[in-house]
Amino acid sequence: MHWRALLCPVVLALSACSESPDPTPTPPRPLKAVLFPYIPDAAGDGFAGLKQRLEADFEREHTDIDLDIVFDSNLDLYDLDEGGTMNQLLGQGTGAAQVVEVDTLVLGSLASKGWIQPLSFEVGPSYPAAEEAVRLSGASYGTPTYLCTYVVYSHSPQLQTATDAASLVRVLRDVAPGKRPLATNFDGSWTLPSSYLDAWADTHPGASLSTAISLPLDSPAVASFKTVVDSCSLEPGINPCMDGSYDSNTVAEEAFATEQANGFMGYTERLFYIRQARPTQPLPAVISVPLGTGSAPAVFVDALVLNANCTGTCAEDAQAFMTYMSDPEVRGLIAFSEDAPLGTTPRYLLQANRAFYQQEPARSDPMYQKYEPLLGGARPYPNQGFPENRRAMQSALKEDLR
């Protein structure tokens, strides 16, 4: 037989081996993050655009991670019951998430239950109040994202002269005598006690708010706070700030926007709804609300926490996501509604990252430049004890404010 005929089977065999298919690629690792849904839905799409933008931008940098971001207003991120929402999200079941954005008011409760773990890294720079709010026994349990503080919006040129509760009410009444000085919501077992803590902070500058969450209530703080609460009442026995009239939707914001009230008290981001109700209205003046005998800002802090069951590679992936979410450009994307059509009103959310305020567009924004000075000396709300004491505080406050 010719030598070529003898060689042919060998050549065919070698060709078959060289054309074998490539091994199946490794699928990206799943990472689920539940983010705060209590922010303005600027695009009106249920946060679909924001979710898509955050996932795409992150996965472009981390091709080995499949990120799933959840914004769900039906999830009660304050539910601390065994078997409840937070227990499931920070558990091991099918509904679990590796990263959850929480209000640090509940941080101590989550840590004591063993549902979250200390972080081995820090991102920043954040405001001192934010860094303090995520620490428990010297360890960091979260990456700060938002700050929230009670402010007053008004078109009064004298607003900056309000330095305590009494002068605030006087300034707001002078805007348009006969109208309601202030529209706000003091109703609820979280809202009323936290408003009192703001009054306590104003009355006791420099002291830690952790000392204010136990009874009895502080008489000077309550008396001053009552001045503001009572100003909401124009008719005897009727106080919409206390009876739930302003508890839902955007009723209080609309009352201020349509000049039914001379001022509005709430979080900075409520300006989104004020402008939505009346887009042509000039931007208002803003101050930290003085509810006590003085004025000293107190801030809530929101932070990303890590599921205690997420270790090893999972924890490394979570760290990558937390670092991404701390980037000033990402904070700007959220704050300035860049997930929505061009020209959409900013969300006016305070950012924990200090660098955010030093670069565009925040550096040139008239409202963010008014907000930033409020944050430097602010004290954080306590990260332990508030959930357990809030109902007792609410009951005592209702009695004293009656």
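Under my numbering, the final residue of the sequence shown carries the number 402; numbering is consecutive throughout. Don't be surprised by glycine CBs; every beta carbon is placed ideally from N, CA and C. This structure is a prediction, so every number in the text was calculated from the model and none was measured.
Residue nearest to residue 365 in terms of C-alpha spacing, selected from 332, 397 and 387:
332
Give me, in chain order, the residues of the same chain whose beta-carbon lies closer than 6 Å to that of residue 255; leave out the 5 immediate sequence neighbours on both sides.
183 and 261
Counting along the chain, where does the alpha helix (DSSP H) carrying residue 334 start and finish?
328–335
Does the distance from the C-beta atom of residue 222 to that of residue 339 stay below 7 Å?
no
Alpha helix (DSSP H) segment containing residue 215, residue limits:
Secondary structure note for residue 215: it is in no alpha helix (DSSP H), with a DSSP letter that is neither H nor E.
Buried or exposed: where does residue 207 fall if 16 or more other Cβ atoms within 10 Å of its Cβ makes it buried?
By the neighbour-count definition (other C-beta atoms within 10 Å, threshold 16), residue 207 is an exposed residue.
Could you tell me which uninterrupted alpha helix (DSSP H) segments, each at least 4 residues in length, are contained entirely in the region 139–198, listed from first to last along the chain?
Counting whole runs of 4 or more residues, the region 139–198 contains the alpha helix (DSSP H) stretches 165–175.
Whose C-beta lies closer than 6 Å to the C-beta of residue 83 among residues of the same chain, with five residues either side of it excluded?
none
Could you check whether the region 99–111 touches the region 61–81, counting it as contact only if at least three pairs of C-beta atoms, one from each stretch, sit closer than 8 Å?
yes
Reference residue 329, options 57, 214 and 114, closest by Cα
57
Is the Cβ-Cβ distance between residue 253 and residue 267 less than 7 Å?
no
At 3 residues or longer, and completely inside the region 70–121: list those beta strand (DSSP E) runs for me, N to C.
99–103
Identify the continuous beta strand (DSSP E) that holds residue 393 and give its terminal residues.
Per DSSP, residue 393 belongs to no beta strand (DSSP E); it is in the alpha helix (DSSP H), 386–401.
Using the C-alpha atoms, what's the distance from residue 230 back to residue 186?
11 Å
Taking all protein chains shown into account, do 16 or more other C-beta atoms lie within 10 angstroms of the C-beta of residue 45, making it buried, or fewer, making it exposed?
exposed
Can you name the residues that DSSP bridges to residue 301?
147
Alpha carbon to alpha carbon, what distance is there between residue 23 and residue 17?
Residue confidence is low: residue 17 scores 49 on pLDDT, short of 50, so the model does not pin down where it sits. Its coordinate-derived value is still stated next. Looking at the two C-alpha atoms, the distance is approximately 14 Å.
What are the boundary residues of the beta strand (DSSP E) that residue 363 is part of?
Run containing residue 363: none; DSSP gives neither H nor E here.
When you compare the region 63–74 with the region 346–358, are there three or more beta-carbon pairs, one atom per stretch, that lie closer than 8 Å?
Short answer: they don't touch.
What's the gap between the Cα of residue 63 and the Cα of residue 123?
22 Å
Short of 6 Å in beta carbon distance, which residues of its chain neighbour residue 168, apart from the five on each side in sequence? Order them along the chain.
162 and 290
What alpha helix (DSSP H) runs, 4 residues minimum, are completely inside the region 204–283?
For the region 204–283, whole alpha helix (DSSP H) runs of length 4 or above, ordered along the chain, are 219–231, 251–257 and 271–277.
Suppose contacts are defined by Cβ-Cβ distances below 7 Å. Is residue 209 in contact with residue 324 by that definition?
No, the Cβ-Cβ distance between residue 209 and residue 324 is not below 7 Å.
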